[in-house]
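K.L.:
Quick one: structure below, then a few questions.
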Amino acid sequence: MHRAFLLLLSILLSLGSSFSARIPAIIVFGDSTVDTGNNNRIPTVLKSNFRPYGRDFIGGRPTGRFCNGRLATDFISEAVGLGPVVPAYLDPSYSIRDFATGVCFASAGTGLDNATSDVLLYVVFQGVIPLWREVEYFKDYQKKLRRYLGREKTKYVISEAIYIISIGTNDFLENYFAFVTGRFKQFTVDQYEDFLIGLAGEFIRKIYWLGARKISFTGLSPMGCLPLERTTNVLNGHGCIEEYNKVARDFNVKLQASIEELCASLPGLRLRYNAVYERSLTIIQNPSLYGLENVREGCCATGKYEMGYLCNEWDPHTCADANKYMFWDSFHPTEKVNRLMAISTLNTSLAEFV
346 MHRAFLLLLS ILLSLGSSFS ARIPAIIVFG DSTVDTGNNN RIPTVLKSNF RPYGRDFIGG
406 RPTGRFCNGR LATDFISEAV GLGPVVPAYL DPSYSIRDFA TGVCFASAGT GLDNATSDVL
466 LYVVFQGVIP LWREVEYFKD YQKKLRRYLG REKTKYVISE AIYIISIGTN DFLENYFAFV
526 TGRFKQFTVD QYEDFLIGLA GEFIRKIYWL GARKISFTGL SPMGCLPLER TTNVLNGHGC
586 IEEYNKVARD FNVKLQASIE ELCASLPGLR LRYNAVYERS LTIIQNPSLY GLENVREGCC
646 ATGKYEMGYL CNEWDPHTCA DANKYMFWDS FHPTEKVNRL MAISTLNTSL AEFV
(Lines of atoms letter the chains of each structure in order from A and count residues from 1; the text may use other names and numbers.)
(Lines give C-alpha, C1' and ligand atoms only; values in the text may rest on other atoms or scores of the structure.)
Protein backbone atom coordinates (compact mmCIF):
# COMPACT_ATOMS: atom_id res chain seq x y z
CA MET A 1 0.00 0.00 0.00
CA HIS A 2 2.75 2.48 0.92
CA ARG A 3 4.54 1.70 -2.34
CA ALA A 4 1.38 2.60 -4.24
CA PHE A 5 1.26 5.94 -2.44
CA LEU A 6 4.87 6.69 -3.37
CA LEU A 7 4.14 5.78 -6.99
CA LEU A 8 1.15 8.14 -6.99
CA LEU A 9 3.31 10.95 -5.62
CA SER A 10 5.88 10.45 -8.37
CA ILE A 11 3.08 10.68 -10.94
CA LEU A 12 1.78 13.88 -9.35
CA LEU A 13 5.26 15.37 -9.35
CA SER A 14 5.71 14.55 -13.02
CA LEU A 15 2.49 16.42 -13.78
CA GLY A 16 3.52 19.47 -11.74
CA SER A 17 4.20 21.72 -14.71
CA SER A 18 0.66 21.33 -16.02
CA PHE A 19 -0.81 22.05 -12.58
CA SER A 20 1.24 25.24 -12.15
CA ALA A 21 -0.53 26.93 -15.05
CA ARG A 22 -3.80 26.55 -13.14
CA ILE A 23 -2.45 27.15 -9.62
CA PRO A 24 -0.40 30.34 -9.35
CA ALA A 25 0.33 30.07 -5.61
CA ILE A 26 -0.21 28.18 -2.36
CA ILE A 27 -1.08 30.28 0.69
CA VAL A 28 -1.02 28.72 4.16
CA PHE A 29 -2.54 29.69 7.51
CA GLY A 30 -2.50 27.80 10.78
CA ASP A 31 -0.36 26.29 13.53
CA SER A 32 2.71 24.06 13.93
CA THR A 33 1.34 21.45 11.54
CA VAL A 34 2.03 23.92 8.72
CA ASP A 35 4.45 26.49 10.22
CA THR A 36 7.52 26.48 7.97
CA GLY A 37 9.60 28.77 10.18
CA ASN A 38 7.69 31.88 11.25
CA ASN A 39 8.22 31.16 14.94
CA ASN A 40 11.97 31.43 14.33
CA ARG A 41 11.47 35.18 13.97
CA ILE A 42 9.43 35.92 17.09
CA PRO A 43 10.40 35.87 20.79
CA THR A 44 9.00 32.51 21.83
CA VAL A 45 10.34 29.29 23.30
CA LEU A 46 8.15 27.32 20.90
CA LYS A 47 10.75 26.77 18.20
CA SER A 48 12.29 23.90 16.27
CA ASN A 49 15.20 25.58 14.51
CA PHE A 50 17.77 23.10 15.81
CA ARG A 51 18.68 19.48 15.20
CA PRO A 52 17.45 16.79 15.10
CA TYR A 53 14.52 18.73 13.62
CA GLY A 54 15.15 18.95 9.90
CA ARG A 55 17.70 16.14 9.81
CA ASP A 56 15.93 14.65 6.74
CA PHE A 57 15.07 18.01 5.20
CA ILE A 58 16.67 19.15 1.95
CA GLY A 59 20.31 19.72 2.90
CA GLY A 60 19.76 18.17 6.34
CA ARG A 61 19.12 21.49 8.06
CA PRO A 62 16.57 22.62 10.67
CA THR A 63 14.17 25.25 9.34
CA GLY A 64 11.64 25.75 12.09
CA ARG A 65 9.38 22.98 10.79
CA PHE A 66 8.26 20.67 13.60
CA CYS A 67 9.32 17.63 11.66
CA ASN A 68 12.35 15.63 10.59
CA GLY A 69 11.78 16.89 7.04
CA ARG A 70 9.12 18.53 4.93
CA LEU A 71 5.49 19.24 5.77
CA ALA A 72 2.39 18.21 3.83
CA THR A 73 2.11 21.71 2.37
CA ASP A 74 5.65 21.44 0.99
CA PHE A 75 4.79 18.21 -0.80
CA ILE A 76 1.58 19.72 -2.15
CA SER A 77 3.52 22.70 -3.48
CA GLU A 78 5.99 20.42 -5.23
CA ALA A 79 3.25 18.21 -6.64
CA VAL A 80 1.50 21.16 -8.31
CA GLY A 81 4.74 22.53 -9.75
CA LEU A 82 5.34 25.46 -7.41
CA GLY A 83 8.61 24.44 -5.80
CA PRO A 84 9.67 21.93 -3.12
CA VAL A 85 8.94 24.18 -0.10
CA VAL A 86 6.48 26.85 1.02
CA PRO A 87 8.54 29.67 2.55
CA ALA A 88 7.71 31.31 5.88
CA TYR A 89 6.59 34.91 5.47
CA LEU A 90 8.82 36.17 8.29
CA ASP A 91 11.95 34.45 6.98
CA PRO A 92 14.27 37.23 5.72
CA SER A 93 16.10 34.85 3.39
CA TYR A 94 13.02 34.94 1.11
CA SER A 95 11.60 37.87 -0.85
CA ILE A 96 8.31 38.73 -2.52
CA ARG A 97 9.64 37.00 -5.61
CA ASP A 98 9.59 33.72 -3.65
CA PHE A 99 6.30 34.50 -1.91
CA ALA A 100 4.57 35.19 -5.23
CA THR A 101 4.11 31.42 -5.70
CA GLY A 102 3.93 30.24 -2.11
CA VAL A 103 3.77 31.75 1.36
CA CYS A 104 3.12 30.53 4.88
CA PHE A 105 1.72 32.74 7.66
CA ALA A 106 1.29 29.92 10.20
CA SER A 107 2.64 30.00 13.73
CA ALA A 108 3.31 27.00 15.98
CA GLY A 109 1.20 27.11 19.12
CA THR A 110 -1.58 29.31 17.79
CA GLY A 111 -5.28 28.56 17.51
CA LEU A 112 -8.65 29.85 16.40
CA ASP A 113 -9.08 31.28 19.88
CA ASN A 114 -6.86 34.31 20.53
CA ALA A 115 -6.40 33.03 24.09
CA THR A 116 -4.60 29.97 22.69
CA SER A 117 -1.82 32.08 21.18
CA ASP A 118 -1.31 33.62 24.62
CA VAL A 119 -0.98 30.34 26.54
CA LEU A 120 2.80 30.70 26.83
CA LEU A 121 2.33 34.18 28.27
CA TYR A 122 1.08 32.47 31.42
CA VAL A 123 4.22 30.35 31.62
CA VAL A 124 7.20 32.18 30.13
CA PHE A 125 5.69 35.56 29.21
CA GLN A 126 6.03 34.86 25.50
CA GLY A 127 3.11 34.28 23.16
CA VAL A 128 2.96 33.23 19.52
CA ILE A 129 1.33 34.77 16.44
CA PRO A 130 -2.48 34.92 16.82
CA LEU A 131 -4.68 34.11 13.85
CA TRP A 132 -5.79 37.73 13.47
CA ARG A 133 -2.13 38.69 13.00
CA GLU A 134 -1.78 36.05 10.27
CA VAL A 135 -4.60 37.87 8.47
CA GLU A 136 -2.73 41.16 8.87
CA TYR A 137 0.36 39.54 7.34
CA PHE A 138 -1.85 38.41 4.45
CA LYS A 139 -2.92 42.02 3.88
CA ASP A 140 0.69 43.18 3.97
CA TYR A 141 1.62 40.40 1.55
CA GLN A 142 -0.99 41.60 -0.94
CA LYS A 143 0.41 45.12 -0.84
CA LYS A 144 3.90 43.82 -1.60
CA LEU A 145 2.54 41.54 -4.30
CA ARG A 146 0.78 44.45 -6.04
CA ARG A 147 4.04 46.39 -6.14
CA TYR A 148 5.83 43.34 -7.54
CA LEU A 149 3.27 41.96 -10.02
CA GLY A 150 0.87 44.82 -10.60
CA ARG A 151 -2.76 45.10 -9.56
CA GLU A 152 -4.38 42.84 -12.19
CA LYS A 153 -1.93 39.97 -11.91
CA THR A 154 -2.07 40.14 -8.12
CA LYS A 155 -5.86 39.91 -8.25
CA TYR A 156 -5.50 36.80 -10.39
CA VAL A 157 -2.97 35.17 -8.05
CA ILE A 158 -5.06 35.85 -4.95
CA SER A 159 -8.29 34.56 -6.48
CA GLU A 160 -6.80 31.47 -8.14
CA ALA A 161 -4.36 30.45 -5.40
CA ILE A 162 -5.00 27.42 -3.22
CA TYR A 163 -5.45 28.24 0.46
CA ILE A 164 -4.62 25.60 3.05
CA ILE A 165 -5.73 26.05 6.66
CA SER A 166 -4.66 23.72 9.47
CA ILE A 167 -5.59 24.83 12.98
CA GLY A 168 -7.61 23.91 16.05
CA THR A 169 -5.83 21.16 17.98
CA ASN A 170 -4.01 23.64 20.25
CA ASP A 171 -7.31 25.22 21.23
CA PHE A 172 -8.27 22.00 22.97
CA LEU A 173 -5.02 20.37 24.08
CA GLU A 174 -3.00 23.46 24.99
CA ASN A 175 -5.87 25.69 26.08
CA TYR A 176 -9.22 24.18 27.09
CA PHE A 177 -8.07 20.82 28.47
CA ALA A 178 -4.83 22.28 29.88
CA PHE A 179 -6.84 24.50 32.27
CA VAL A 180 -4.51 27.44 31.56
CA THR A 181 -6.68 30.27 30.25
CA GLY A 182 -9.95 29.70 32.07
CA ARG A 183 -11.93 28.78 28.96
CA PHE A 184 -12.97 25.55 30.73
CA LYS A 185 -14.82 27.72 33.25
CA GLN A 186 -16.55 29.82 30.59
CA PHE A 187 -17.71 27.02 28.29
CA THR A 188 -18.75 23.40 28.34
CA VAL A 189 -16.85 21.36 25.74
CA ASP A 190 -19.84 21.52 23.40
CA GLN A 191 -20.09 25.29 23.83
CA TYR A 192 -16.38 25.73 23.23
CA GLU A 193 -16.65 23.75 20.00
CA ASP A 194 -19.42 26.10 18.88
CA PHE A 195 -17.32 29.11 19.92
CA LEU A 196 -14.40 27.88 17.80
CA ILE A 197 -16.64 27.11 14.82
CA GLY A 198 -17.87 30.69 14.97
CA LEU A 199 -14.29 31.96 15.00
CA ALA A 200 -13.42 29.72 12.04
CA GLY A 201 -16.35 31.20 10.12
CA GLU A 202 -15.21 34.74 10.92
CA PHE A 203 -11.71 33.92 9.69
CA ILE A 204 -13.00 32.43 6.43
CA ARG A 205 -15.12 35.51 5.81
CA LYS A 206 -12.12 37.78 6.40
CA ILE A 207 -9.88 36.06 3.86
CA TYR A 208 -12.83 35.69 1.48
CA TRP A 209 -13.32 39.45 1.43
CA LEU A 210 -9.57 39.74 0.85
CA GLY A 211 -9.92 37.61 -2.28
CA ALA A 212 -9.52 33.97 -1.22
CA ARG A 213 -11.80 31.54 -3.06
CA LYS A 214 -10.25 28.05 -3.24
CA ILE A 215 -9.80 26.90 0.34
CA SER A 216 -9.06 23.57 2.04
CA PHE A 217 -9.83 23.59 5.77
CA THR A 218 -8.29 20.70 7.67
CA GLY A 219 -10.41 19.04 10.32
CA LEU A 220 -9.03 17.89 13.65
CA SER A 221 -7.00 14.69 13.77
CA PRO A 222 -7.60 11.92 16.35
CA MET A 223 -5.79 14.07 18.90
CA GLY A 224 -6.32 11.55 21.68
CA CYS A 225 -3.87 9.30 19.84
CA LEU A 226 -0.97 11.73 19.93
CA PRO A 227 1.98 10.27 21.87
CA LEU A 228 1.79 13.13 24.37
CA GLU A 229 -1.79 12.19 25.24
CA ARG A 230 -1.16 8.43 25.26
CA THR A 231 1.64 8.97 27.76
CA THR A 232 -0.78 10.41 30.30
CA ASN A 233 -3.38 7.67 29.75
CA VAL A 234 -1.81 5.29 32.24
CA LEU A 235 -5.03 3.69 33.50
CA ASN A 236 -5.97 2.57 29.98
CA GLY A 237 -2.61 1.09 29.05
CA HIS A 238 -1.44 4.22 27.22
CA GLY A 239 -4.11 3.79 24.59
CA CYS A 240 -5.76 6.66 22.74
CA ILE A 241 -7.84 9.00 24.91
CA GLU A 242 -11.31 8.46 23.51
CA GLU A 243 -12.70 11.60 25.17
CA TYR A 244 -10.37 13.75 23.07
CA ASN A 245 -11.06 11.78 19.90
CA LYS A 246 -14.80 12.26 20.41
CA VAL A 247 -14.28 16.00 20.75
CA ALA A 248 -12.37 15.95 17.46
CA ARG A 249 -15.16 14.03 15.72
CA ASP A 250 -17.87 16.30 17.10
CA PHE A 251 -15.93 19.40 16.11
CA ASN A 252 -15.40 18.04 12.60
CA VAL A 253 -19.13 17.41 12.13
CA LYS A 254 -19.86 21.00 13.13
CA LEU A 255 -17.07 22.27 10.89
CA GLN A 256 -18.52 20.49 7.87
CA ALA A 257 -21.95 21.98 8.55
CA SER A 258 -20.39 25.43 8.86
CA ILE A 259 -18.54 24.93 5.57
CA GLU A 260 -21.81 24.17 3.80
CA GLU A 261 -23.39 27.31 5.25
CA LEU A 262 -20.43 29.48 4.25
CA CYS A 263 -20.41 28.16 0.69
CA ALA A 264 -24.15 28.87 0.41
CA SER A 265 -23.81 32.43 1.68
CA LEU A 266 -20.57 33.59 0.02
CA PRO A 267 -20.78 33.70 -3.81
CA GLY A 268 -17.89 31.97 -5.57
CA LEU A 269 -16.45 30.46 -2.39
CA ARG A 270 -15.11 26.93 -2.90
CA LEU A 271 -14.39 25.88 0.67
CA ARG A 272 -13.65 22.19 1.14
CA TYR A 273 -13.22 20.01 4.22
CA ASN A 274 -9.98 18.04 4.58
CA ALA A 275 -10.78 14.79 6.43
CA VAL A 276 -7.49 14.17 8.21
CA TYR A 277 -9.14 12.36 11.15
CA GLU A 278 -10.16 9.34 9.10
CA ARG A 279 -6.85 9.13 7.26
CA SER A 280 -4.79 9.36 10.44
CA LEU A 281 -6.88 6.73 12.21
CA THR A 282 -6.51 4.38 9.24
CA ILE A 283 -2.72 4.68 9.51
CA ILE A 284 -2.81 4.16 13.28
CA GLN A 285 -4.95 1.04 12.95
CA ASN A 286 -3.07 -0.39 9.94
CA PRO A 287 0.57 0.73 10.27
CA SER A 288 2.10 -2.16 8.33
CA LEU A 289 0.14 -1.16 5.21
CA TYR A 290 2.21 2.03 5.16
CA GLY A 291 5.54 0.52 6.12
CA LEU A 292 5.34 1.82 9.70
CA GLU A 293 6.38 -0.02 12.84
CA ASN A 294 5.55 2.48 15.60
CA VAL A 295 2.41 4.62 15.80
CA ARG A 296 2.38 5.07 19.59
CA GLU A 297 5.58 7.04 20.20
CA GLY A 298 7.57 9.74 18.48
CA CYS A 299 10.95 9.12 16.92
CA CYS A 300 12.65 11.96 18.79
CA ALA A 301 14.03 11.31 22.30
CA THR A 302 11.87 8.82 24.25
CA GLY A 303 8.96 9.78 21.97
CA LYS A 304 6.51 10.05 24.86
CA TYR A 305 6.35 13.72 25.82
CA GLU A 306 9.20 15.56 24.10
CA MET A 307 8.56 18.45 21.71
CA GLY A 308 10.51 21.60 20.91
CA TYR A 309 13.61 22.03 23.08
CA LEU A 310 13.02 18.68 24.78
CA CYS A 311 13.57 17.08 21.39
CA ASN A 312 17.28 17.77 20.94
CA GLU A 313 20.32 16.25 19.31
CA TRP A 314 21.87 15.19 22.60
CA ASP A 315 19.16 12.71 23.50
CA PRO A 316 20.49 9.18 22.83
CA HIS A 317 17.03 7.65 22.41
CA THR A 318 16.10 9.29 19.09
CA CYS A 319 15.37 6.63 16.47
CA ALA A 320 17.67 5.99 13.54
CA ASP A 321 14.97 5.73 10.88
CA ALA A 322 12.00 8.12 11.12
CA ASN A 323 10.35 6.37 8.17
CA LYS A 324 9.30 3.60 10.55
CA TYR A 325 7.42 6.04 12.76
CA MET A 326 4.12 7.87 12.39
CA PHE A 327 5.19 10.66 14.75
CA TRP A 328 8.40 12.62 14.78
CA ASP A 329 8.02 14.12 18.26
CA SER A 330 5.19 13.68 20.75
CA PHE A 331 2.87 15.93 18.75
CA HIS A 332 3.82 16.08 15.07
CA PRO A 333 3.96 13.54 12.22
CA THR A 334 7.08 12.45 10.42
CA GLU A 335 7.94 13.57 6.90
CA LYS A 336 6.78 10.20 5.60
CA VAL A 337 3.30 10.66 7.07
CA ASN A 338 3.21 14.27 5.85
CA ARG A 339 3.85 12.92 2.37
CA LEU A 340 0.99 10.45 2.70
CA MET A 341 -1.32 13.21 3.94
CA ALA A 342 -0.33 15.44 1.04
CA ILE A 343 -1.25 12.75 -1.47
CA SER A 344 -4.61 12.16 0.21
CA THR A 345 -5.34 15.89 0.30
CA LEU A 346 -4.52 16.27 -3.38
CA ASN A 347 -6.95 13.48 -4.16
CA THR A 348 -9.80 14.78 -1.98
CA SER A 349 -10.23 18.34 -0.73
CA LEU A 350 -7.89 19.80 -3.38
CA ALA A 351 -8.86 17.49 -6.25
CA GLU A 352 -11.18 19.92 -8.03
CA PHE A 353 -8.59 22.70 -7.83
CA VAL A 354 -5.74 20.76 -9.45
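According to the working numbering, the sequence shown is numbered sequentially starting from 346. Glycine included, C-beta positions come from ideal geometry on N, C-alpha and C. These numbers were taken from a predicted model, which means no experiment stands behind them.
Between the beta-carbon of valine 646 and the beta-carbon of alanine 506, is there less than 8 Å?
P.N.:
Stepping through the sequence shown from its first residue, residue 646 is reached at position 301. Stepping through the sequence shown from its first residue, residue 506 is reached at position 161. For clarity, residue 646 is alanine in the given sequence; the question names valine instead. Alanine 646 places its beta carbon 8 Å or farther from that of alanine 506.
K.L.:
Note down the Cα distance separating valine 430 from valine 579, rounded to an integer number of angstroms.
P.N.:
If you number the sequence shown from 1, residue 430 lands on position 85. If you number the sequence shown from 1, residue 579 lands on position 234. Those two C-alpha atoms are separated by around 39 Å.
K.L.:
Which residue wins for smallest C-alpha separation from glutamate 574, given the options Lys599, Pro388, Tyr482, Phe522?
P.N.:
Here residue 574 refers to the residue found at position 229 of the sequence shown. Answer by Cα proximity: Phe522.
K.L.:
Applying the 10 Å Cβ sphere with the 16-neighbour rule, what's the burial state of histidine 677?
P.N.:
In the sequence shown, counting from the first residue as 1, residue 677 sits at position 332. By the neighbour-count rule (16 or more Cβ atoms within 10 Å), histidine 677 is buried.
K.L.:
Given a threshold of 16 other Cβ atoms within 10 Å of its Cβ, counted over all protein chains shown, does threonine 679 qualify as buried or as exposed?
P.N.:
Locating residue 679 in the sequence shown gives position 334, counting from the first residue. Buried: at least 16 other Cβ atoms inside 10 Å.
K.L.:
Would you check if the region 483-490 and the region 526-543 touch, i.e. whether three or more CB-CB distances between them fall below 8 Å?
P.N.:
Contact between the region 526-543 and the region 483-490 is not established, with fewer than three Cβ pairs separated by less than 8 Å.
K.L.:
For threonine 577, count neighbouring C-beta atoms within 10 Å of its own C-beta (all shown protein chains included) and say buried if the count is 16 or more, exposed if not.
P.N.:
Position 232 of the sequence shown holds residue 577. Exposed.
K.L.:
When the Cβ atoms of the region 635-655 are set against those of the region 588-595, are three or more pairs found closer than 8 Å?
P.N.:
no
K.L.:
So, helix, strand or coil for leucine 465, using DSSP?
P.N.:
Numbered from its first residue, the sequence shown carries residue 465 at position 120. Residue state, collapsed to three classes: helix.
K.L.:
Compute the Euclidean distance between the alpha carbons of alanine 451 and isoleucine 586, then round it to the nearest angstrom.
P.N.:
Residue 451 sits at position 106 when you count from the first residue of the sequence shown. Residue 586 sits at position 241 when you count from the first residue of the sequence shown. Each residue's Cα considered, the two are about 27 Å apart.
K.L.:
Check lysine 591 in the structure and name its three-state DSSP category.
P.N.:
Along the sequence shown, read from residue 1 onward, the residue named residue 591 stands at position 246. Helix, per DSSP.
K.L.:
Classify cysteine 570 as helix, strand or coil using the three-state DSSP reduction.
P.N.:
Reading the sequence shown from its first residue, position 225 is the one you call residue 570. Residue state, collapsed to three classes: helix.
K.L.:
At what residue ranges does the region 501-587 contain a whole run of the alpha helix (DSSP H), taking only runs of 4 or more?
P.N.:
528-531, 534-554, 572-577
K.L.:
What's the C-alpha gap between phenylalanine 698 and aspartate 660?
P.N.:
One-based indexing of the sequence shown puts residue 698 at position 353. One-based indexing of the sequence shown puts residue 660 at position 315. Going from the Cα of phenylalanine 698 to the Cα of aspartate 660 covers about 43 Å.
K.L.:
From isoleucine 503 to proline 572, what distance separates their C-alpha atoms?
P.N.:
Residue 503 sits at position 158 when you count from the first residue of the sequence shown. Residue 572 sits at position 227 when you count from the first residue of the sequence shown. Those two C-alpha atoms are separated by around 38 Å.
K.L.:
For leucine 695, which residues of its own chain have a beta-carbon under 6 Å away from its beta-carbon, when the five flanking residues on both sides are left out?
P.N.:
Position 350 of the sequence shown, counted from the start, is the residue given in the question as residue 695. Taking C-beta separations shorter than 6 Å and ignoring five residues to either side along the sequence, the partners of leucine 695 in its chain run Ser561, following chain order.
K.L.:
I need the boundaries of the alpha helix (DSSP H) containing methionine 686, first residue and last residue.
P.N.:
Counting from 1 along the sequence shown, the entry for residue 686 is found at position 341. Per DSSP, methionine 686 belongs to the alpha helix (DSSP H) from 680-692.
K.L.:
Which runs of the alpha helix (DSSP H) fall wholly inside the region 386-443 and span at least 4 residues, in chain order?
P.N.:
417-424
K.L.:
Give the straight-line distance between the Cα atoms of glycine 375 and glycine 409, rounded to the nearest whole angstrom.
P.N.:
Start at 1 with the first residue of the sequence shown, and residue 375 comes out as number 30. Start at 1 with the first residue of the sequence shown, and residue 409 comes out as number 64. Answer to the nearest angstrom: the Cα atoms are 14 Å apart.
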